[in-house]
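Just so you know, the sequences run in chain order A and B. Residue 13 in the numbering used here sits at position 13 of the first sequence, and the numbers go up by one each step. Residue 1390 in the numbering used here sits at position 390 of the second sequence, and the numbers go up by one each step. A virtual CB, placed ideally from N, CA and C, is assigned to each residue, including glycine.
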Amino acid sequence: MNATSMTMTEARLEWNPSDRGRVAMLCLIAAEAAIFTIFVVAYVFYLGKSLTGPLPKDVLSVPIVYTICLLSSSLTIHFAAKSLRRGEIKSFGVLWLATITLGAAFLYGTGIEWYRMIYKEGFTISTNLFGTTYYSLVGLHAFHVVVGLLSLSIVMVFTLLGRVRAEHAERIDVLSLYWHFVDAVWIVVFTVVYVIGR
Amino acid sequence: MSTDAIAMPSTAIAPRPIVATLHEWVTTVDHKRLGILYIIYALAFLLIAGVEAMIIRIQLIRPHNNFVSPQEFNRLFTMHGTTMIFFVIMPFMFGFANYLIPLMIGARDMAFPRLNAFSFWMTAFGGLLLYFSVVGANGLYGAGNAPDVGWFAYAPLTSQTFSVGHSTDFWILALLISGFGSIGTAINIIATVLCMRCPGMTLATMPLFAWLNLIMADLVILAVSPLTAAQIMLLIDRYLGGHFFDTQAGGSAVIWMHFFWVFGHPEVYILVLPAFAFASEIIPVFSRKPIFGYSVMVGATIAIGFISMSVWAHHMFTVGMSSAANNFFVISTMAIAVPTGIKIFNWLATMWGGKIEFKTPMLFCIAFLFQFLIAGLTGIMQGAAPFDWHLGNSYFVVAHFHYVIVGGILFCLFGAFYYWFPKMSGKMYSETLGKLHFWIFIIGFHLTFDFMHIPGLLGMPRRIYTYEPGRGWDTWNFIVTIGVFFQAAGILVFLGNLIWSYFRGKAAGSDPWDAWTLEWSTNSPPPAYNFASIPVVKSRRPLWDLKHPNDPDWNYE
Chain A
1 MNATSMTMTE ARLEWNPSDR GRVAMLCLIA AEAAIFTIFV VAYVFYLGKS
51 LTGPLPKDVL SVPIVYTICL LSSSLTIHFA AKSLRRGEIK SFGVLWLATI
101 TLGAAFLYGT GIEWYRMIYK EGFTISTNLF GTTYYSLVGL HAFHVVVGLL
151 SLSIVMVFTL LGRVRAEHAE RIDVLSLYWH FVDAVWIVVF TVVYVIGR
Chain B
1001 MSTDAIAMPS TAIAPRPIVA TLHEWVTTVD HKRLGILYII YALAFLLIAG
1051 VEAMIIRIQL IRPHNNFVSP QEFNRLFTMH GTTMIFFVIM PFMFGFANYL
1101 IPLMIGARDM AFPRLNAFSF WMTAFGGLLL YFSVVGANGL YGAGNAPDVG
1151 WFAYAPLTSQ TFSVGHSTDF WILALLISGF GSIGTAINII ATVLCMRCPG
1201 MTLATMPLFA WLNLIMADLV ILAVSPLTAA QIMLLIDRYL GGHFFDTQAG
1251 GSAVIWMHFF WVFGHPEVYI LVLPAFAFAS EIIPVFSRKP IFGYSVMVGA
1301 TIAIGFISMS VWAHHMFTVG MSSAANNFFV ISTMAIAVPT GIKIFNWLAT
1351 MWGGKIEFKT PMLFCIAFLF QFLIAGLTGI MQGAAPFDWH LGNSYFVVAH
1401 FHYVIVGGIL FCLFGAFYYW FPKMSGKMYS ETLGKLHFWI FIIGFHLTFD
1451 FMHIPGLLGM PRRIYTYEPG RGWDTWNFIV TIGVFFQAAG ILVFLGNLIW
1501 SYFRGKAAGS DPWDAWTLEW STNSPPPAYN FASIPVVKSR RPLWDLKHPN
1551 DPDWNYE
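Take a look at the structure:
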């Protein structure tokens, strides 16, 4: 029996662990999707179960413009990543900045809607069951937009410092996966809150 | 078995100051050190939660006992359950997965070493936070108290009205934070298994250990996240005046049950799949045969992963669901017994005709097979809704799930400890003490948990702090408590064996079991870089191929 360490046949590294970032991001997205699923289920389950007003149709206004902003930011980030792969740093920077602006515009939209509801109409998270589910679902999404914007801004800072180069395209792809997820979740939240729930 | 000098990397030149060593361990990103940190951390909590269980049982040894107050009793069973699930078994499993997966798949580390360290410390701080509640739950005004809402914390017990102070908040935050750690580790395991395998190792030839942990990690992602969501909702209810689980405002207490058990039942499989992984590595080696039905084992594991996501409400038959829901969850619960049964048959078929060596790890795995079978059978009994209406919330349920967790999972864990201890420490454990541990523990286990079924059948509800004499429960409770002392003695022998062997054990050599997976091809303990050169494999048993070049496995796979 061989008790000393055995040396396995040596070989050139043929495997490529560079996919691990993408795999990990997809796993994170799966986990986040599970969290959102629970909040969406709670929202749908509690639709119309509030014992007191106001009802969704009394307070909600459909944020069409801001939704268009967020969804189009998926396009800009897609083309930004494409430019980076081609090594066009300047157009990458412009498109990246456009993505951040569109995301920030969406966040601003959520902000003024919440301001109106909380300060003008007195509708808060503790008003009724609808308030609880609405603010937590939309707030959870807004939280993800904030996290996304922070990550995008870090990349923007590095771009302005001239540190982002074509070889970072894979990492940018991984980050853009997250941003696409944030946009896709908004489609679900929008449908549930503003179309079905209203 | 030859045990000549192991080739220790001679890096230590002078004795290092203890602060430097500690600093190295705290800042480490090495998967082996993090694995050992997980395991030591879980061992500490095993002792704490074990003492809690002993106090619970001493209180119940006879009717009208006054060992602890009812309030303390509630805290004890809450802390015992929460600790054992989240801060003992899960860290144990993550520890072994962390230590072994890169070694088994021929990698030098996990896919994300720093995420790995982050996940460990999140889990660690979660556990510390849970126990900090003992002094901190009432804020700074005085002594606090531990959470007392039960480990599944049903609403409305967790509302501000019924849980004053901060004990429940500590419970929520501890689970939330350790949940982030679990999700981080799960992501890491998946990325490692999928992307970091050595050349030649395909998904179809990687060790079953890697497969089972891959599915376990998938379940962590899909199951722990709902728990995170539910805990956020509970925090909103408690701090922002939300109404998710507030029945006064139209909220639902039942939906908390759904959210909790959507996590809670897959959690059982999160705990048991790594135990299956241990058995799938240990049983073939000590039967001197390759695992029977590798691909069927993989298929059964995937089937368990899928079905386990659809059985949660069998924890809720007694709350009064619709008969359609009852039927669905009865059928899915019965269905999950099928892939689990396939696994048991495969392990038996692996042993069948083998040249079985009754070493300590194998003893624990054989006991696991019998006990897990019985645990599964009582599971099927309670999976039938009409039967569960009678026994729900009784000691029969407690006996059933302890049979799974102690008789199944903990036995496999002990087997894994003895099997991989030579690899992790470089020393052989004492076989005599190991067998002593096995026999004392198995006597204690059966005294406690076999006899615990009976007071359950006689109608004794769980979580009562005392009971009236003369209901036929007295003798059984006495026997159950006596068994606990045997188990405690077994654990002490186990710890004694670990410590004694670590300092005094014989050198183990790199491959004391004549095993077949890659972790046995490197030194014991492995160097920081694991493999001097990345191995190349051609079959499921690379070391068999190496030892038998004339008759390699790849001719038959």
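Under 7 Å Cβ to Cβ from residue i, same chain only, skipping five residues before and after it: list those, please.
{"i": "D1045 of chain B", "result": "Checking the sequence, you will find Phe at residue 1045 of chain B rather than Asp. Excluding positions up to five away in sequence, the list reads T1083, F1087, V1088 and G1127."}
{"i": "I1177 of chain B", "result": "M1122, F1125, G1126 and L1129"}
{"i": "H1265 of chain B", "result": "S1308, V1311, W1312 and H1315"}
{"i": "M1334 of chain B", "result": "I1380 and G1383"}
{"i": "G139 of chain A", "result": "none"}
{"i": "I1440 of chain B", "result": "F1486, A1489, G1490 and V1493"}
Can you find the residues in the same chain that come closer than 6 Å, C-beta to C-beta, to residue i, ignoring five residues on each side of it along the sequence?
{"i": "L47 of chain A", "result": "G197"}
{"i": "G1035 of chain B", "result": "G1095, N1098 and Y1099"}
{"i": "W1171 of chain B", "result": "P1147"}
{"i": "A1020 of chain B", "result": "none"}
{"i": "F36 of chain A", "result": "V185"}
{"i": "W1256 of chain B", "result": "A1155 and F1245"}
{"i": "F1414 of chain B", "result": "F1364"}
{"i": "H1243 of chain B", "result": "A1249 and G1251"}
{"i": "A1014 of chain B", "result": "none"}
{"i": "M1 of chain A", "result": "Residue confidence for M1 of chain A is low, a pLDDT of 40 falling below 50, so the modelled location carries little weight; the figure read from the coordinates is stated next. No residues qualify anywhere along the chain."}
{"i": "E10 of chain A", "result": "Unreliable positioning characterises E10 of chain A in this predicted model, as indicated by a pLDDT of 45, which lies under 50. The coordinate reading is nonetheless provided below. Hits under 6 Å: none found."}
Tell me where the alpha helix (DSSP H) around residue i begins and ends.
{"i": "P1070 of chain B", "result": "P1070 to T1082"}
{"i": "F1245 of chain B", "result": "From DSSP, F1245 of chain B is part of no alpha helix (DSSP H); its letter is neither H nor E."}
{"i": "Y1239 of chain B", "result": "L1208 to Y1239"}
{"i": "C1365 of chain B", "result": "T1360 to G1383"}
{"i": "T1038 of chain B", "result": "Reading the sequence as shown, one finds Tyr at residue 1038 of chain B and not Thr. Y1038 of chain B -> alpha helix (DSSP H) spans H1031 to Q1059."}
{"i": "I1177 of chain B", "result": "S1167 to C1195"}
{"i": "I1307 of chain B", "result": "Y1294 to S1308"}
{"i": "E1281 of chain B", "result": "V1254 to S1287"}
{"i": "L71 of chain A", "result": "I64 to R86"}
{"i": "W1025 of chain B", "result": "I1018 to V1026"}
{"i": "L1546 of chain B", "result": "P1542 to K1547"}
{"i": "A34 of chain A", "result": "R20 to F45"}
{"i": "S1133 of chain B", "result": "P1113 to G1136"}
Just checking my contact of residue i with residue j at CB under 8 Å: how many whole Å lie between their CB atoms?
{"i": "V1558 of chain B", "j": "M1196 of chain B", "result": "Past the edges of chain B, shown from 1001 to 1557, lies residue 1558 of chain B, and the structure says nothing about it."}
{"i": "I172 of chain A", "j": "L102 of chain A", "result": "Rounded, the Cβ-Cβ distance is 17 Å, inconsistent with contact."}
{"i": "W993 of chain B", "j": "M1316 of chain B", "result": "Lying outside 1001 to 1557, the shown extent of chain B, residue 993 of chain B is not represented and no answer is given."}
{"i": "I125 of chain A", "j": "L1235 of chain B", "result": "Going by Cβ atoms, the distance from I125 of chain A to L1235 of chain B rounds to 12 Å, so no, they are not a contact pair."}
{"i": "K49 of chain A", "j": "G1250 of chain B", "result": "5 Å"}
{"i": "E170 of chain A", "j": "S18 of chain A", "result": "6 Å"}
{"i": "N1393 of chain B", "j": "R1462 of chain B", "result": "6 Å"}
{"i": "P1512 of chain B", "j": "M1428 of chain B", "result": "6 Å"}
{"i": "V1220 of chain B", "j": "I1270 of chain B", "result": "6 Å"}
Here's a check: name, in chain order, each residue in its chain whose Cβ is nearer than 8 Å to the Cβ of residue i, leaving out the five neighbours to either side.
{"i": "I1105 of chain B", "result": "T1192, V1193, M1196, R1197, C1198, M1201, M1206, P1207, A1210 and L1518"}
{"i": "L26 of chain A", "result": "L177"}
{"i": "Y43 of chain A", "result": "T133, Y134, L137, V192, V193 and G197"}
{"i": "A1005 of chain B", "result": "Low confidence applies here, because A1005 of chain B scores a pLDDT of 49, under 50, leaving its location unreliable; read the following figure in that light. Around A1005 of chain B: A1507."}
{"i": "V1607 of chain B", "result": "It is not possible to answer for residue 1607 of chain B, since the shown part of chain B is limited to 1001 through 1557."}
With DSSP as the reference, please indicate the residues paired to residue i in a beta bridge.
{"i": "P1461 of chain B", "result": "B:S1394"}
{"i": "A1146 of chain B", "result": "Answer is none; A1146 of chain B lacks a bridge partner."}
{"i": "K1427 of chain B", "result": "B:A1507"}
Using a Cβ-based criterion (distance less than 7 Å to any ligand heavy atom), does residue i qualify as near the ligand FAD?
{"i": "W1554 of chain B", "result": "In the structure shown, the ligand FAD is absent, as is every other ligand, since no ligand is present at all."}
Would residue i count as contacting chain D if we go by Cβ distances under 8 Å?
{"i": "M1233 of chain B", "result": "Of the protein chains in the structure, A and B, none is chain D."}
**Prompt:** Name the residues in the segment 1383-1405 of chain B whose C-beta lies less than 8 Å from a C-beta of chain A; which are they?
**Reply:** Of all residues in the segment 1383-1405 of chain B, none has a Cβ within less than 8 Å of some Cβ in chain A.
**Short-range partners of chain B found in the segment 51-81 of chain A, where Cβ spacing is below 7 Å** = The residues in question are L51.
**Message:** For the segment 17-30 of chain A, list every residue whose C-beta sits within 7 Å of some C-beta in chain B, in sequence order.
**Reply:** Under the 7 Å Cβ criterion, the segment 17-30 of chain A contributes P17, D19, R20, V23, A24, C27, L28 and A30.
**Request:** For the segment 1215-1230 of chain B, enumerate the residues whose C-beta is nearer than 7 Å to any C-beta of chain A, in chain order.
**Result:** Those would be I1221, L1222, S1225, P1226, T1228, A1229 and A1230, in chain order.
**Message:** Using a Cβ-Cβ cutoff of 8 Å, what residues of the segment 1248-1275 of chain B are near chain A? List them in chain order.
**Reply:** Here the close residues are A1249, G1250, G1251, S1252, I1255, F1259 and V1262.
**Item:** Contact set between the segment 1354-1374 of chain B and chain A, restricted to residues whose Cβ is under 8 Å from the partner
**Value:** Flagged: no residues at all.
**Request:** Output, in sequence order along the chain, the residues in the segment 126-154 of chain A whose CB is closer than 7 Å to any CB in chain B.
**Result:** Those would be S126, N128, L129, T132 and S136, in chain order.
**Prompt:** Along the segment 1169-1198 of chain B, what residues have a CB closer than 8 Å to any CB found in chain A?
**Reply:** If the cut-off is 8 Å between Cβ atoms, the segment 1169-1198 of chain B has I1183, A1186, I1187, N1188, I1190, A1191, T1192, L1194, C1195, M1196, R1197 and C1198 near chain A.
**Message:** Under 7 Å, CB to CB, which of the residues in the segment 35-46 of chain A have a partner in chain B?
**Reply:** For the segment 35-46 of chain A, the beta-carbon criterion of a distance under 7 Å to any beta-carbon of chain B is satisfied by I35, I38, F39, A42 and F45.
**Request:** Anything in the segment 1109-1140 of chain B with a Cβ closer than 7 Å to a Cβ of chain A? List those residues in chain order, please.
**Result:** Going along the segment 1109-1140 of chain B in chain order, one finds A1111 and F1112 with a Cβ nearer than 7 Å to chain A.
**Asked** Taking Cβ-Cβ distances below 9 Å as the criterion, which residues of the segment 1465-1499 of chain B are in contact with chain A?
**Response** Per Cβ criterion, the list is empty.
**Prompt:** Of the residues that make up the segment 89-100 of chain A, which ones have a beta carbon closer than 8 Å to any beta carbon in chain B?
**Reply:** Residues passing the 8 Å Cβ filter: none.
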